Structure formats: structure tokens, C-alpha cells
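Asks:
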Amino acid sequence: MRTRSLLFSKVMEFVVRAAPASAGPSHLMSPLRTWTRRRQLTVLGTNYPSMLHHYSCTMASRKDKNLTDTKKAALQVGGGRSLVAFYADNNVVPLPSGHRFPMEKYRATRLMLEEDASMEHILITRPAPFVSVQEILLVHEERYLHSILNGSLDKKEQNNIGFPWSPELVNRTRASMGGTVAAMHSVMLGLRRAAANIAGGTHHAFSDHGEGFSLEDYSEKCNLDQPILVIDLDVHQGNGTAKIFEGDDRVITFSIQGANNYPWRTRMKSDYDVDLPDETGDDAYLAVLSEWLQKLFTLHKPSLIFFQAGVDALREDSFGRLSMSRQGLLQRNNMVYSACLTRSLPLVITMGGGYSRPSDASVVAHADVYRSAALRYSAMS
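Just so we're aligned: 204 in this note's numbering is position 201 of the sequence shown, and the numbers increase by one with no gaps anywhere.
#1: Report the CB separation of Gly-154 from Ser-179 in whole angstroms; it is logged as a contact under 8 Å.
#2: For Ala-185 and Asp-281, I'd like the C-alpha separation in whole angstroms.
#3: Give the C-beta separation of Val-351 and Ala-198 to the nearest angstrom, bearing in mind that I take them to be a contact with Cβ-Cβ under 8 Å.
#4: If Gln-240 and Pro-305 are in contact, beta carbons under 8 Å, what's the gap, nearest whole angstrom?
#5: Going by C-alpha distance, which of Phe-309, Pro-105, Leu-192, Ser-100 is nearest Thr-244?
#6: In the structure shown, what three-state DSSP assignment does Arg-129 receive?
#7: Report the three-state DSSP secondary structure of Thr-301 (helix, strand or coil).
#8: Can you tell me where the beta strand (DSSP E) holding Asn-200 begins and where it ends?
#9: Is there contact here, the segment 94-104 with the segment 135-145, by at least three beta-carbon pairs under 8 Å?
#10: For Arg-175, count the other beta carbons within 10 Å of its own beta carbon; 16 or more makes it buried, fewer makes it exposed. Which is it?
#11: At 3 residues or longer, what runs of the beta strand (DSSP E) sit wholly inside the segment 314-361?
#12: For Arg-374, count neighbouring C-beta atoms within 10 Å of its own C-beta (all shown protein chains included) and say buried if the count is 16 or more, exposed if not.
#13: Can you check which of these residues, Ala-262, Asp-274, Ser-121, is closest to Arg-253 by C-alpha distance?
#14: Look up Gly-203 in the DSSP assignment and say whether it is helix, strand or coil.
#15: Residue range of the alpha helix (DSSP H) that Val-136 falls in?
#16: How about Gly-356 and Val-238: are their beta carbons less than 8 Å apart?
#17: Return helix, strand or coil for Tyr-275, following the three-state DSSP convention.
#18: Can you tell me where the beta strand (DSSP E) holding Gly-261 begins and where it ends?
#19: Quick one, which of Val-367, Arg-195, Phe-257 has its alpha-carbon nearest Leu-302's?
#20: In three-state DSSP terms, what is Val-95?
#21: Report yes if the C-beta distance between Leu-325 and Ala-368 is below 8 Å; otherwise report no.
#22: Using CA atoms only, rank isn't needed, just tell me which of Tyr-109, Gly-193, Leu-344, Ala-262 is closest to Ser-362.
#23: Taking the alpha carbon of Thr-112 as the reference point, which residue from Leu-152, Phe-166, Ala-91 has its own alpha carbon closest?
#24: Leaving out the 5 sequence neighbours to the left and right, which residues in its chain are closer than 6 Å to Leu-348 when beta-carbon positions are compared?
#25: Taking Cβ to Cβ, would you say Ala-312 is nearer than 8 Å to Leu-236?
#26: In the DSSP assignment, the beta strand (DSSP E) including Asp-235 goes from what residue to what residue?
Shown next, in the form of C-alpha cells:
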């Protein structure tokens, strides 16, 4: 199924551009030009590389008038070992009757987590802030942004995105982006080892157009001394993410995807694309992932990880075709978490695709992504 993106390929673009050459949140739009030395930051009693040089607002006061809403949201939640997960489902989008996108899964996933007694002290959920226009323009073209904001998308553009335009869609998209950016700030400021968005991961958005239910691809560009690694395990290739970071050695894009799945005509070239055949199943998938994680972490020594945790490889999925079990996906998630934890690397988790009908199986698998992370990260020493 085509997971349409308006603005997540762009969350990754923002990650590499947002940090200024000199300190201060007023320089949010300054492009990255030079690499900088690594320094150590003590977080939660453990030293690990902060990856930052003059990262805007590293030690900022919550009263700073120049703070973006996304950074304020991260600071307001503060630090700790529990997993913070932002959500956007409080911004309801009206869709035509019979629309095929499972919009209800976001709220259902959040409620499943909030009603789970085992999550009471180890998972914090918060409404996502809206991403600002200035932040969006770091990664999306102005014409595209304004066509979304003012509703001037033509019929073809709306068809490519897969959603009819509405003011509510604009708000939902800005919150979906804002949740990923706020999660990123939580780890970049050293407040959390991992943070999440119970939305986002819409990796089919390009800088100038949306596609596959993806309006936003928002990858914040920070001033790092080692590259960012995007681990995209949605069954559909993140073509928007791949295109945006084409030729950019500051962001490494890695995707395990179905060989016979969307996108077909608009598939791009990631730094590393692994195509799997239909009916791959748990054992073969996990063997491939284990091998590639070892390769990528050894070769690139990344500073920050973005995990696009789509669950459409699930056997029950209507479009995935890879025939993985719920247990197999749990092992997949924990494999990524272990790789990050053993190397003390900050992690941002986003949601991605999941299209079982009814949506129950996908919702359970989505909830597993966050539940596993909360359990693993709250137990860290």
C-alpha cells in the first residue's frame, strides 16, 4: 500500500540543517558547513557522546522566547529513563466514508499503551507540538509548503498524497512532524536516551511534493561529527528519504523492503537497499537485519539513529507480503534497540505503516514497538 507523505523524509533533512555555526536558537536556519569535534555530556549518570557543537539551545532556559514549540515540548517533559512518546491523534482529520487509510490506528495504539498498567511508570505520552513554518522551510520547498497551508493543491497533487485537503489535515500534519522533531530534541538535548512519536515515519514525501499518504518527511539536520543513520524497516521503500539525502554523507539511509511492493515507478536509491522476496518470514528477515546492523554500525559509527518502525511486514497486513509474525517483529524491534543501547546511541522512533484489516493486528504490533522500547530503556543502568 502506498503510504503517502506530505512533509518524515523532511524531518531527517531538518536534522542536518538546523544547527547553526554559532550557538543560539535564533540561527535555526543556518546550514551546516563544517564538522565539529565530539564532546562528552553526562546524561542520566552515564557519559556518552553528545554529538553536538553549539547545538541551538543545548542548555537553554525554558523561558527563552526564541525557543521553538518543538524544543519547548522536549524541555517541558524533561529528563528521565522512561520513554517519552508524542502523539498527534488529538488533531482529528475528516476523511470520506470508506477511505482506505487506517487513520484510527494512531489513537488506538496510544490508548492501548496508556491503558497498559505495565507502562504506568515507564512511558510518558504527550500531545505533539506543531512544527513551525520556519522549521518546515528548512526541508520543504516554499511553493509546496504554501500550497498545503492555503489549500491550493491541485487535484493531481491531492491524489498523489492520498488525502483530500482540509484545515484539519494541515494541523494533523504539523503535529505529526512536530512529534518527531520534539522527540529528536529530547535525545539531542541529552534528556532521554530514546524518544518516540506515535505518528510520523511518513517516508514517501519529497521536498517539493507529497506521495503515498505522506505529506511530511522531516529529518532534522544537526551539526554532528558522525553521520545520522536512518533504519527504515517499513515494508515499502522510503523513497522520499532516499531522494532527500541522495549524495549527503551526513545521513546514511538504510531500508529493508519488499522487492515486489510500492513504490514501483518512483523508487529511489537509498545508501543501502535490501530487497526481500514475498513470504520471507521471520528467520530469514532477522538474519538479514542482524548482519546489516553489524555492518552499518561498524562501518559508519553513527551518532544518532532514526528508526522507522513500520509493522506492515506483519503476516496479517493487507499489503506487506513478507509474512512476519508478531513475535518476529518484536525480535526485530529489540534487535534495533540492543544495537543502540550497547553503543550508547540516542534513538528516535517513529511509527510507519501497518494495514491489517481490521486494524487490530497492526495496532497490537505498533504498540509493541513502543512497549518494548519503554521496557528496554527504563531498565538501563
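The beta-carbon is built from N, C-alpha and C at its ideal position, and this holds for glycine as well. Nothing here was measured: the structure is a model prediction, and the numbers come from that model.
Replies: According to the structure shown:
#1: Here residue 154 is taken as the residue at index 151 of the sequence shown, counted from 1. Here residue 179 is taken as the residue at index 176 of the sequence shown, counted from 1. At roughly 18 Å, the Cβ-Cβ gap does not stay under 8 Å, so Gly-154 and Ser-179 are not in contact.
#2: Within the sequence shown, residue 185 is the residue found at index 182, counting from 1. Within the sequence shown, residue 281 is the residue found at index 278, counting from 1. Their backbone Cα atoms lie some 36 Å apart in a straight line.
#3: Indexing the sequence shown from 1 puts residue 351 at position 348. Indexing the sequence shown from 1 puts residue 198 at position 195. About 6 Å; that satisfies the 8 Å criterion.
#4: Position 237 of the sequence shown, counted from the start, is the residue given in the question as residue 240. Position 302 of the sequence shown, counted from the start, is the residue given in the question as residue 305. The Cβ separation is near 20 Å, so there is no contact.
#5: The sequence position of residue 244 within the sequence shown is 241, counting from 1. Of the candidates Phe-309, Pro-105, Leu-192, Ser-100, the one whose C-alpha sits nearest the C-alpha of Thr-244 is Phe-309.
#6: What you label residue 129 is simply residue 126 of the sequence shown in a count that begins at 1. Strand at Arg-129.
#7: Residue mapping note: residue 301 aligns to position 298 of the sequence shown, counting from 1. Three-state result, Thr-301: helix.
#8: Within the sequence shown, residue 200 is the residue found at index 197, counting from 1. 197-200 is the extent of the beta strand (DSSP E) around Asn-200.
#9: Because the criterion of three Cβ pairs below 8 Å is not met, the segment 94-104 and the segment 135-145 do not touch.
#10: Numbered from 1 along the sequence shown, position 172 holds the residue referred to as residue 175. Under this definition Arg-175 is a buried residue.
#11: 350-353
#12: Translated into the one-based positions of the sequence shown, residue 374 becomes position 371. Burial call: buried.
#13: Indexing the sequence shown from 1 puts residue 253 at position 250. Nearest C-alpha to Arg-253: Asp-274.
#14: Locating residue 203 in the sequence shown gives position 200, where the first residue counts as 1. In the three-state reduction of the DSSP assignment, Gly-203 falls in the coil class.
#15: The residue you call residue 136 lines up with position 133 of the sequence shown. Where Val-136 is concerned, the enclosing alpha helix (DSSP H) stretches over 136-140.
#16: Position 353 of the sequence shown, counted from the start, is the residue given in the question as residue 356. Position 235 of the sequence shown, counted from the start, is the residue given in the question as residue 238. Yes, these two residues count as a Cβ contact at 8 Å.
#17: What you label residue 275 is simply residue 272 of the sequence shown in a count that begins at 1. The answer is strand: DSSP assigns Tyr-275 an E or B state.
#18: Along the sequence shown, read from residue 1 onward, the residue named residue 261 stands at position 258. Annotation: the continuous beta strand (DSSP E) that includes Gly-261 extends over 254-261.
#19: Walking along the sequence shown from the start, residue 302 turns up at place 299. Cα-wise, what sits closest to Leu-302 is Phe-257.
#20: Counting from one through the sequence shown, the residue named residue 95 turns up at place 92. Residue state, collapsed to three classes: coil.
#21: Taking the first residue of the sequence shown as position 1, residue 325 is located at position 322. Taking the first residue of the sequence shown as position 1, residue 368 is located at position 365. Their beta carbons are not under 8 Å apart, which means Leu-325 does not touch Ala-368 by this criterion.
#22: Locating residue 362 in the sequence shown gives position 359, counting from the first residue. Answer by Cα proximity: Tyr-109.
#23: The residue given as residue 112 occupies position 109 in the sequence shown. Cα-wise, what sits closest to Thr-112 is Ala-91.
#24: Stepping through the sequence shown from its first residue, residue 348 is reached at position 345. Within the same chain, Leu-348 has close Cβ partners Ile-308.
#25: What you label residue 312 is simply residue 309 of the sequence shown in a count that begins at 1. What you label residue 236 is simply residue 233 of the sequence shown in a count that begins at 1. Cβ distance < 8 Å, so Ala-312 and Leu-236 count as in contact.
#26: To locate residue 235, count along the sequence shown from 1; it is residue 232. It spans 231-235 - the beta strand (DSSP E) in which Asp-235 sits, taken as one unbroken run.
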